[in-house]
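> Residue numbers (this note's numbering), protein chains in the order written: chain A, 7 to 265; chain B, 41 to 235; chain C, 41 to 235. All C-beta atoms in this analysis are idealised placements derived from N, C-alpha and C, irrespective of residue type, glycine included.
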Amino acid sequence: MTLVGPGTAPEVAATTLETEPAAAASGFVVELDAFTGPLDLLLHLLREEQIDIADIPIARIADQFLKAIHVLGLNQAADYLDMASRLVRLKAQMLLPRGAVGDDWEDPRAELVRRLLEYQQIKEIALWMADSAERRAVKFPRGYLPPPPEQPPPPLTLDLLDLLAAVERVIAGILHPVLHRVVARPLNVEGATLRIQALLTDRAEISWAEAIGPTPTIVDVLSTLLAILELARRGGAYVFQQGAFGPVVISREPPRSAD
Amino acid sequence: MNPLVQLIEAALFAAPRPVTVEELQMLDPDVSLAEVRQALDQLREHYDFDGHGVEVTEMAGGFQIVSRPAFAAAIERAQLNTKPARLSAAMLETLATIAYRQPVGRAEIEEIRGVSAAGVLRTLQERGLIEVVGRSEALGRPLLYGTTPLFLELLGLPDLTNLPRAEELSIALQPVKAQDDRDADSAAAYVEAES
Amino acid sequence: MNPLVQLIEAALFAAPRPVTVEELQMLDPDVSLAEVRQALDQLREHYDFDGHGVEVTEMAGGFQIVSRPAFAAAIERAQLNTKPARLSAAMLETLATIAYRQPVGRAEIEEIRGVSAAGVLRTLQERGLIEVVGRSEALGRPLLYGTTPLFLELLGLPDLTNLPRAEELSIALQPVKAQDDRDADSAAAYVEAES
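Spelled out as structure tokens, the structure:
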């Protein structure tokens, strides 16, 4: 698991994050496969530097991390960039003055430390599993399997309770997303516009109640509101109130000044 | 058993096909064909003498260890060499969907369950629990599935009307359709989606 | 070997997978579970005492006869069988996460490993090592994964309790408090979106 290719590495300008095809060409992408993710790379860096996870010198490690992902090539490494930005943010937080009293200061590294410890444990289990699988792999099960007997098909077990439990799972699993309830546009803004224009041809001004009609549905209300706003925007109508909380008046002409 | 006999036993056991004496010889470069034959005889005698449930037989030009025929009937009865007969959760859920929605096409099943159903449908068909009952009029005329008499038989039901009716089941299993929208909820959803 | 031991040996030889004690009991209606277990012990002792090339091992909830590890290299050399391909580090880490957190959703797996998991999950599912075991209540109702019996078989474990316990690991298991809170938040968001 060497991080760094022959010759090049540590001097590469580390703070820029552009993807360098040059890195890919020199075979570092293959090296990226040596790590299963940004946490893995981070753990590797800490191990190399013999750093205690509980007390990470964030500034130094952040720089090294950036350097490493730059050298390794970032073509398919969105996850690494995500971690890099977290580290940079942490680095900035660590630079902030802690204030005089250190008591209620919460170490910004705590979350990262927790994740690293947790991940380290997963890696330990994974190693144990690899060992177990290896020990198991050298015990062959029977290679030759006699052809299954011709007729009696296996007795299936199926009972109603199992089926009903499955029904419940299916129902529970059916997505009732808000998405599906957003329906095709039922508003009739054009119709409302025509209606208001017709009313305004007959009369100089109408009230809001007249505009929405005698038994409006919520859709009528919304359609009319949108129609009025649109008319007002185009200068086809004027909307005003005589006073605060007064009735809204929709008018053909601009309101005369309130003299 | 001496080491060569053990090795040959392990190899015959692990090999997926009858193994020839020549192949067995490749297990150990220091061993002659005659020694392999001798070891095979010893293994065979050991099985016979100790009264094992298995024996060495010669078949298709090679050797194999097989269960003794005397036990075949019991093993078949216990169905040990067939797949486990319990339905998986995925199979049960697909079966439930078909039972309550039949005749129903694969696309609809997948929409309801949110996962691909091709493999599960094939397995359920092989197990004889569902069958193709027709074709939809929809584009591509997809196959429609329904449950079989075996399905009812396994549940011990005389016919499909005996499936528990629970109204909410049939409602919940309706495909989500555009609802009539003369209510505040939907209008609110509309405004939210627009913004 | 007595007739029951012979029968069980024959049955284990004929089965393509680990066989449970209950399944073995079905071989003979007159036999108790205790007698089956006793016969299994006798068979195991017999193989050990006589120095056979195979052994009885307990895994994935059942019993299976397997060849002894010492002979694996020779069997591979003679091309009579091959070891299964090793799992990649990414697959092992994902399996480890699922084994300990199951049922667990993709988001949590990705949070713990710090990388996207879609591809690995699909591969593990295709290899039959994990399966969908349900859906979370959280926003979007994501699928939840769990390990399969084949996973235990791959590791040669009798059951999930044979995985190392937290205390046995050099790093103690951290409770994931933050995660629970986040789930609660998502659930609240979901309810809100519904109303």
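If we count the other Cβ atoms within 10 Å of its Cβ and call it buried at 16 or more, is E196(A) buried or exposed?
Position 190 of the first sequence holds residue 196(A). Looking at its Cβ environment, which holds fewer than 16 other Cβ atoms inside 10 Å, E196(A) is exposed.
> Use the C-beta contact count for M99(B): other C-beta atoms within 10 angstroms, 16 or more gives buried, fewer gives exposed.
On the second sequence, residue 99(B) is found 59 positions in, with the first residue counted as 1. Label assigned to M99(B): exposed.
> Taking the beta strand (DSSP E) that L164(B) falls in, what are its first and last residues?
Within the second sequence, residue 164(B) is the residue found at index 124, counting from 1. Run containing L164(B): none in the beta strand (DSSP E); it sits in the alpha helix (DSSP H), A158 to E166.
> Examine chain A for any beta-carbon lying closer than 9 Å to the beta-carbon of V61(C), and answer yes or no.
To locate residue 61(C), count along the third sequence from 1; it is residue 21. No, because no Cβ of chain A sits closer than 9 Å to the Cβ of V61(C).
> Quick check on DSSP: helix, strand or coil for T163(A)?
In the first sequence, the residue the question calls residue 163(A) occupies position 157. Reduced to three states, the DSSP call for T163(A) is strand.
> Just to confirm my understanding: we take Q82(C), look at its own chain, exclude 5 residues before and 5 after, and list those with CB closer than 8 Å. What are they?
Translated into the one-based positions of the third sequence, residue 82(C) becomes position 42. Here the set comprises M41, N42 and V45.
> Could you check if T188(C) is buried or exposed, using at least 16 other CB atoms within 10 Å of its CB as the buried criterion?
Position 148 of the third sequence, counting from 1, holds the residue named residue 188(C). The residue in question, T188(C), is buried, as its Cβ has 16 or more Cβ neighbours within 10 Å.
> Among the candidates P220(A), A136(A), W214(A) and R142(A), whose CA atom is the shortest distance from the CA of L235(A)?
Numbered from its first residue, the first sequence carries residue 235(A) at position 229. Selected option, being the one with the closest Cα: W214(A).
> Closer than 7 Å by C-beta to L64(B): which residues in its own chain qualify, once you throw out the five before and the five after it? Chain order, please.
Numbered from 1 along the second sequence, position 24 holds the residue referred to as residue 64(B). Hits under 7 Å: I48, A51 and V76.
> Closer than 9 Å by beta-carbon distance: list the chain A residues that pair up with Y140(B), in chain order.
Mapped onto the second sequence, residue 140(B) falls at position 100. What Y140(B) touches in chain A: V173 and V176.
> Taking 9 Å as the CB-CB limit, is G249(A) close to chain B?
Looking up residue 249(A) in the first sequence gives position 243. It does not; no Cβ of chain B falls within 9 Å.
> Cα separation between P56(C) and L47(A)?
Your numbering for residue 56(C) matches position 16 in the third sequence. Your numbering for residue 47(A) matches position 41 in the first sequence. Each residue's alpha carbon lies about 41 Å from the other.
> On the criterion of 16 or more Cβ atoms from any shown chain inside 10 Å, does V172(B) qualify as buried, or is it exposed?
Position 132 of the second sequence, counted from the first residue, corresponds to residue 172(B). Answer is exposed; the Cβ neighbour count stays below 16.
> Show which residues of chain C have a CB atom less than 8 Å away from the CB atom of R108(B).
By one-based count along the second sequence, residue 108(B) stands at place 68. Here the neighbours are Q46 and A50.
> Residue range of the alpha helix (DSSP H) that F246(A) falls in?
For this step, residue 246(A) is matched to residue 240 along the first sequence. Counting along the chain, F246(A) falls outside any alpha helix (DSSP H), though it belongs to the beta strand (DSSP E) covering Y244 to Q247.
> Rounded to the nearest angstrom, how far is the Cβ of R175(C) from that of A178(A), given a contact under 8 Å?
Indexing the third sequence from 1 puts residue 175(C) at position 135. Indexing the first sequence from 1 puts residue 178(A) at position 172. Confirmed, Cβ separation roughly 7 Å.
> What residue from E85(C), S72(C), R84(C) and F103(C) has the CA that sits closest to A54(C)'s CA?
Residue mapping note: residue 54(C) aligns to position 14 of the third sequence, counting from 1. Nearest option by C-alpha distance: F103(C).
> In whole angstroms, what is the alpha-carbon distance linking A271(A) and L237(A)?
Shown here, chain A extends from 7 to 265; a query on residue 271(A) therefore has no answer.
> For A90(A), I'd like the list of residues in its chain whose CB is within less than 8 Å of its CB, leaving aside the five on either flank, ordered along the chain.
As a working note, residue 90(A) is residue 84 in the first sequence. Cβ within range, chain order: L23, P44, A68, F71, L72 and I75.
> For R153(B), count neighbouring Cβ atoms within 10 angstroms of its own Cβ and tell me buried if that reaches 16, exposed if not.
What you label residue 153(B) is simply residue 113 of the second sequence in a count that begins at 1. R153(B) is buried by the Cβ-count criterion.
> Report the CB separation of D68(B) from A114(C) in whole angstroms; it is logged as a contact under 8 Å.
As a first step, residue 68(B) is located in the second sequence; it is residue number 28 there, counting from the start. As a first step, residue 114(C) is located in the third sequence; it is residue number 74 there, counting from the start. 6 Å between Cβ atoms; contact.
> Using 8 Å for Cβ pairs, my map puts V59(B) next to L73(B). What's the rounded Cβ distance?
Residue numbering aside, residue 59(B) sits at position 19 when the second sequence is read from its first letter. Residue numbering aside, residue 73(B) sits at position 33 when the second sequence is read from its first letter. Not confirmed; about 13 Å, so no contact.
> If you run the structure through DSSP and keep just helix, strand and coil, what is R141(C)?
In the third sequence, residue 141(C) corresponds to position 101, counting from 1. Helix.
> Tell me, please, which residues DSSP counts as bridged to S91(A).
One-based indexing of the first sequence puts residue 91(A) at position 85. Its beta-bridge partners do not exist; DSSP assigns none.
> Under the rule that 16 or more other beta-carbon atoms within 10 Å means buried, what is R5(A), buried or exposed?
Here chain A comprises residues numbered 7 to 265, so residue 5(A) is not present and cannot be evaluated.
> Once you ignore the five residues that flank A139(B) on each side, which residues in its own chain have a CB closer than 8 Å to its CB?
Stepping through the second sequence from its first residue, residue 139(B) is reached at position 99. The answer, listed in chain order, is T187, F191, L200 and L203.
> Could you tell me whether any Cβ in chain C is nearer than 9 Å to the Cβ of M41(B)?
Looking up residue 41(B) in the second sequence gives position 1. Yes, M41(B) counts as interfacial toward chain C.
> From what residue to what residue does the beta strand (DSSP E) around S257(A) run?
As a first step, residue 257(A) must be located in the first sequence, where it is residue number 251. V254 to S257 is the extent of the beta strand (DSSP E) around S257(A).
> Report, in whole angstroms, the separation of the C-beta atoms of A157(C) and E150(C), which I expect to be a contact under 8 Å.
Along the third sequence, read from residue 1 onward, the residue named residue 157(C) stands at position 117. Along the third sequence, read from residue 1 onward, the residue named residue 150(C) stands at position 110. Correct: roughly 5 Å between the Cβ atoms.
> Classify F89(B) as buried or exposed, calling it buried when 16 or more other Cβ atoms lie within 10 Å of its own Cβ.
Position 49 of the second sequence, counted from the first residue, corresponds to residue 89(B). Burial call: exposed.
> If we ignore side chains and look at the alpha-carbon of each, how far apart do Q148(C) and L118(A) end up?
Here the question's residue 148(C) lines up with position 108 in the third sequence. Here the question's residue 118(A) lines up with position 112 in the first sequence. In the sequence under discussion, the amino acid at residue 148(C) is Glu, which differs from the Gln named in the question. Near 16 Å, if we compare the C-alpha coordinates of L118(A) and E148(C).
> Give a yes or no on whether the C-beta atoms belonging to L164(B) and I170(B) are separated by under 9 Å.
The residue labelled residue 164(B) in the question sits at position 124 within the second sequence. The residue labelled residue 170(B) in the question sits at position 130 within the second sequence. Taking 9 Å as the Cβ cut-off, L164(B) and I170(B) qualify as a contacting pair.
> Which residues does DSSP pair with I170(B) in a beta bridge?
Sequence index remark: in the second sequence, residue 170(B) carries index 130 (1-based). According to DSSP, I170(B) bridges with T187(B).
> Chain A partners of L195(B), CB-CB under 9 Å?
Sequence index remark: in the second sequence, residue 195(B) carries index 155 (1-based). Result: L164, D165, L166 and L169.
> What is the DSSP secondary structure of V76(B), reduced to helix, strand or coil?
Within the second sequence, residue 76(B) is the residue found at index 36, counting from 1. The answer is helix: DSSP assigns V76(B) an H, G or I state.
> For Q119(C), count the other beta carbons within 10 Å of its own beta carbon; 16 or more makes it buried, fewer makes it exposed. Which is it?
Residue numbering aside, residue 119(C) sits at position 79 when the third sequence is read from its first letter. So Q119(C) counts as exposed.
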